[in-house]
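Residue numbers (this note's numbering): 2 to 58. Every residue gets a Cβ at the ideal spot worked out from N, C-alpha and C, and that includes glycine. A quick note: this is a predicted structure, and the numbers were derived from the prediction, not measured. Each remark here refers to the structure printed beneath this line.
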């Protein structure tokens, strides 16, 4: 892999990120919001709450 990256460095840019970085993962924000505001509510209220967030994703 390292050899290929070296050969291809003029065509690509590689970013190494930590294996777990929730601040770089928008899904983590949605997951936290769902856990905080949706769990335990009715199906209709879940649909109304999630629809605007899913449009963003």
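Which same chain residues, not among the five before or five after residue 50, have their C-beta less than 7 Å away from its C-beta? Walking along the chain shown from the start, residue 50 turns up at place 49. The beta carbon of residue 50 is closer than 7 Å to those of 38 and 39 in its chain, skipping five residues each way along the sequence.
By alpha-carbon positions, which one of 6, 21 and 47 ends up nearest to residue 14? Against the chain shown, residue 14 aligns to sequence position 13. Nearest option by C-alpha distance: 6.
Do residue 54 and residue 31 have their CB atoms nearer than 8 Å? The count along the chain shown starts at 1 and reaches residue 54 at position 53. The count along the chain shown starts at 1 and reaches residue 31 at position 30. Going by C-beta atoms, residue 54 is nearer than 8 Å to residue 31.
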